[in-house]
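Structure first, commentary second.
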Amino acid sequence: HEDIWRAFFAEAPAGSVEIYAHCSRPDECKKHIDIFNDMKITLVPTQATGWCTNLVAPMWALVRAALDSETWDTNVVRKYVYVSNSHLPLQTMATVQHMLFK
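Using this note's numbering, you'd call the opening residue of the sequence shown number 1 and step up by one each time.
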């Protein structure tokens, strides 16, 4: 689904989105590191997780990385959206941003 996600994030105004990723299978992610670099995706350290077990640790790692970001501006309202590589966006980026900031 790389092309779909690439198009989705490309709609975002420059500097308005930061993307963080958690890889449950780091070896698979390493095979696609060029995609992560091209899309400026920050990989967070892998956390132990499994189907229906410990989903909090990876999600917390993503939030922690976003909050620790050097681009943090205290004058800007920040919102967070979790997406998954195994899902597809049903709305455009513009619609998502509008719904978050209205």
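Think of the CB as a built atom: it goes at the ideal place given N, C-alpha and C, for glycine as much as any other residue.
Check, Outcome
"Of all the options 93, 16, 1, 42, which has the alpha carbon lying nearest to the alpha carbon of residue 77?", "16"
"Comparing alpha-carbon positions, which option in 45, 6, 87, 24 lies nearest residue 51?", "24"
"Rounded C-beta distance between residue 57 and residue 36? I'm assuming under 8 Å.", "Not really, about 20 Å apart at Cβ, beyond 8 Å."
"In its own chain, which residues sit with a C-beta less than 8 Å from the C-beta of residue 63, not counting the 5 before and 5 after it?", "80"
"Whole angstroms are fine: how far does the CA of residue 102 sit from the CA of residue 34?", "35 Å"
"Output needed for residue 11: all residues of its chain with C-beta closer than 8 Å, excluding positions within five of it in sequence on either side, in chain order.", "92, 93, 94"
"Going by DSSP, what residues sit across from residue 20 in a beta bridge?", "42"
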